[in-house]
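Peer 1: The following block contains the structure, expressed as structure tokens.
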Amino acid sequence: MIAEEFKAQLEAACDDLWWSSEADYPVEMVWQAASQSQSDESDEAAEPTEITEAVVLQLAGCAAEASEPIGVENSVESVEIESFFEQALAPKPWHTAADKAQIAQLQHLKTLLANSLKNLQVYRCGEVEITALVLGFATDSIIAGVKTTLVET
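Below, the structure is given as structure tokens:
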């Protein structure tokens, strides 16, 4: 898939999509040029294999100031995509038609991300109010995915 075509599909998949936890937050598209540090420095033509913690912290808005100590609020945890989406995609007896539509939209988003991005991974940053990012490489030079906020008390 051409990167611009995927970008348009990702924007559409995020349109009016909310992540429900203890509070509802919008699901927002992430689309950023991968820095040179993302690729293997010994071979600039090499395909990137992972997104660095520094990039995740910057995208999440969790990056510590130089004077701040590293703590839970600015550390990154990785989780598998299946476990991340599991609870959100599980149908519940009390779901309304609108809830079911959101679940269908989330399932579509998960499928789109899984089928379109290389090295897909979920990253979490924070405590209680957690920034969650589902990121991968759309191309060797583009980091893409989605970002939302989870509330876990």
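In the UniProt record's numbering, the protein residues as written are 1 to 153. C-beta: ideal position from N, C-alpha, C; glycine also. The structure presented is a predicted model; accordingly, all values stated were derived computationally and were not measured.
Look at the alpha carbon of valine 76 and the alpha carbon of cysteine 62, and state the distance between them as a whole number of angstroms.
Peer 2: Whole-angstrom Cα-Cα distance: 9 Å.
Peer 1: Check this for me: beta carbons of lysine 118 and leucine 133, under 8 Å apart or not?
Peer 2: No, these two residues do not count as a Cβ contact at 8 Å.
Peer 1: Rounded C-beta distance between leucine 120 and glycine 136? I'm assuming under 8 Å.
Peer 2: Confirmed, about 4 Å.
Peer 1: Quick check on glutamate 28: does DSSP put it in helix, strand or coil?
Peer 2: Glutamate 28 falls in the strand class under three-state DSSP.
Peer 1: DSSP three-state label for isoleucine 142, please.
Peer 2: Three-state result, isoleucine 142: strand.
Peer 1: Within the same chain, show all residues whose beta-carbon is closer than 8 Å to that of valine 128, passing over the 5 residues directly before and after it, in chain order.
Peer 2: Hits under 8 Å: Val151, Glu152 and Thr153.
Peer 1: On a Cα-Cα basis, can you pick out the residue from Thr96, Pro93 and Ile142 that is closest to serine 116?
Peer 2: The shortest Cα separation from serine 116 among Thr96, Pro93 and Ile142 belongs to Ile142.
Peer 1: Distance, Cα to Cα, aspartate 40 vs alanine 98?
Peer 2: Low per-residue confidence applies at aspartate 40: pLDDT is 46, beneath 50, and the placement is therefore not dependable enough to give any value.
Peer 1: Which parts of the segment 64 to 122 are runs of the alpha helix (DSSP H), unbroken and 4 residues or longer, counting only runs that do not cross its ends?
Peer 2: Taking only runs of at least 4 residues, the alpha helix (DSSP H) segments lying wholly in the segment 64 to 122 are 81 to 89 and 97 to 116.
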